[in-house]
Amino acid sequence: MSKAETAKRYILFIISLFFSALGVAFTKHGELGVSPISSVANVMSYQFSTLSLGTWLIIWNCVLIVGQILILRKNFQLIQLLQIPLSFLFGWFTDLGMWIVSFIPVNFYPARLMMVLIGIVILGFGISLAVTANVIMNSGEAFVKAVSDTIHKDFGNVKIAFDILCVILALVLSLVFFDFTIIGTREGTIISALLTGLTVKFFTPKLKKPLMPVLCG
12 MSKAETAKRY
22 ILFIISLFFS
32 ALGVAFTKHG
42 ELGVSPISSV
52 ANVMSYQFST
62 LSLGTWLIIW
72 NCVLIVGQIL
82 ILRKNFQLIQ
92 LLQIPLSFLF
102 GWFTDLGMWI
112 VSFIPVNFYP
122 ARLMMVLIGI
132 VILGFGISLA
142 VTANVIMNSG
152 EAFVKAVSDT
162 IHKDFGNVKI
172 AFDILCVILA
182 LVLSLVFFDF
192 TIIGTREGTI
202 ISALLTGLTV
212 KFFTPKLKKP
222 LMPVLCG
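Position 122 (the sequence shown) corresponds to 133 in my numbering; numbering is contiguous.
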């Protein structure tokens, strides 16, 4: 891969981070829950509101990077440390997205549900761009891959288990912090878990066809 192609792929990946973060912001603004992988950071942002959701996402992503290092040890590739600055970008983009969507009124349940659905579409679009860029995984996907490679289990199955564990952890934290009340994890989390993969499957082939000649040219 030439330097020019590598540069274009990383630029596309950064663009994908913006759309993914904007999708998270839309979903969050609906206040019906966020995607499973963001659910822990979401609950923490309610309990410790002096730090923004974007900041908590940076912290959570860094925890997952440390997890990769502990799991893979000597097999951890140094190039994967790029996940750290990219996680910061994702967090900053999320806070920017939260500001952008803050002007959208969500006074009624249908409007909140619509925010979740729009967020899922935007998130799926962003993930599809990242898949097309094909340079580095985000920390959540990379953590799942580290686990699946280590225990020799199918990536998809481990991803499902990881998402479930994230939701369970978010629920436990909510019950502990908010006197046995569920905060920040609702039907939007389930909807996101069910539909995000479908939107990625829809967008990826449609984006690869026009973008690949640009990336490889």
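We put the beta carbon where it would ideally sit given N, CA and C, even for glycine.
Please give the ranges of any alpha helix (DSSP H) in the region 127 to 180, keeping only runs that are unbroken, at least 4 residues long and fully inside the region. 150 to 162
Nearest-angstrom Cβ-Cβ length linking Ala181 and Ser50, presumed shorter than 8 angstroms: 4 angstroms
Nearest-angstrom Cα separation, counted from Val169 out to Leu176: 10 angstroms
Can you tell me whether Leu28 is helix, strand or coil according to DSSP? helix
Would a C-beta distance cut-off of 8 angstroms place Arg123 and Gly41 closer than the cut-off? yes
Distance check for Ile80 and Glu16, CA to CA, integer angstroms please. 28 angstroms
Are the region 133 to 140 and the region 58 to 73 in contact at 8 angstroms, needing three or more beta carbon pairs? no
I want to know whether the region 96 to 114 touches the region 25 to 35 - three or more CB-CB distances under 8 angstroms. yes
Where Asn72 falls, given that 16 or more other Cβ within 10 Å makes a residue buried: buried
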